[in-house]
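Counting from 1 along the sequence shown, just add 86 to a position and that's the residue number in my numbering.
Idealized CB from N, CA, C, for every residue including glycine.
Notes to accompany the following structure.
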Amino acid sequence: MKSIIAWLKSNHTAITSLAAILISAIALFVAWDQSRVMRAQQHADVWPAVQVETQMSTEDGQHIFLVGMTNDGIGPALINRIDAVFAGQPLRHWEEMGTRRPEGLPRPDMWTGGSQGAILAPGETVILAQITWPVSEERWPLIGEYQADFFAVTVEACYCSVYGRCWTALRDGRTNHPEPIDACPAVDPDSNL
87 MKSIIAWLKS NHTAITSLAA ILISAIALFV AWDQSRVMRA QQHADVWPAV QVETQMSTED
147 GQHIFLVGMT NDGIGPALIN RIDAVFAGQP LRHWEEMGTR RPEGLPRPDM WTGGSQGAIL
207 APGETVILAQ ITWPVSEERW PLIGEYQADF FAVTVEACYC SVYGRCWTAL RDGRTNHPEP
267 IDACPAVDPD SNL
């Protein structure tokens, strides 16, 4: 016992140094872990969650078909790319939804807006395409045919947060849940969606 006490007395600076190194290593780990948690919290504080929606209604004497996007998240969404398939064919412009209609259905009134490159604020909704026809009894069967194609539309929006984390929002009639991806594909220069 006396030899241990003597050894401790003669090496107390080495023991103190080792204890300081151990405490420093623990403090460094705690600081690293805390910064990792804070970084995850920063990303969560600006997480966008884009939902792509389709709607059909009949009001004010009009059949109204809408394709829109809403940012249900808590941070802005940078919309990088939108791809759509309608009636089995890829779309380059939203106006094509009005030209791909059952024979006998006249050309609709349309309003369209491109959103590639736009910033969607939290809670903001943008209408990508609005297609309308006046209500008439003889059009109901044709509107029904168009409606079947309309609700089968597939729209995929690729968007990123301000920190560069990216997701795709897919609306394909079955699911509308954002999925994380590494990066958005390049914008198609021929597309105006």
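Residue environment: Pro227 is assigned as exposed (fewer than 16 neighbouring CB atoms within 10 Å of its CB, all protein chains considered). Closest in C-alpha terms to Gly199, from the list Ala255, Leu214, Lys88, comes Leu214. Looking at the DSSP output, Gln137 sits in a beta bridge with Thr156. Excluding residues up to 5 positions away in sequence, Ala135, Gln137 lie with their Cβ nearer than 6 Å to the Cβ of Asp158 in the same chain.
Per DSSP, Pro227 lies in no beta strand (DSSP E) segment; the continuous alpha helix (DSSP H) that holds it begins and ends at 226-237. Of the other Cβ atoms in all chains shown, 16 or more fall within 10 Å of the Cβ of Val241; this residue is therefore buried. For Trp197, the closest alpha carbon among the candidates Gly154, Ile205, Glu224 is that of Gly154. Annotation for Glu181: no alpha helix (DSSP H) segment contains it, and DSSP assigns it neither H nor E. In this structure, the straight-line span from the alpha carbon of Gly190 to that of Thr218 is close to 15 Å.
Sequence-distant Cβ neighbours of Arg193 in its own chain, meaning closer than 7 Å and more than five residues away, are Gly184.
In this structure the segment 242-251 lies against the segment 163-171, because at least three pairs of beta carbons, one per stretch, are closer than 8 Å. Trp93 is classed as exposed because its beta carbon has fewer than 16 other beta carbons within 10 Å across all chains shown. The DSSP-derived three-state label of Ala117 is helix. The beta-carbon distance between Arg257 and Glu182, rounded to whole angstroms, is 17 Å. This is too long to meet the 8 Å contact definition. Counting along the chain, the unbroken beta strand (DSSP E) around Leu256 starts and ends at 252-257.
For the pair Gly174 and Val239, the Cα-to-Cα distance works out to about 8 Å. Ranked by how close their Cα comes to the Cα of Gln233, the residues Pro271, Val116, Ser143, Asp268 have Ser143 in first place. Taking the Cα positions, Gly147 is about 16 Å away from Gln141.
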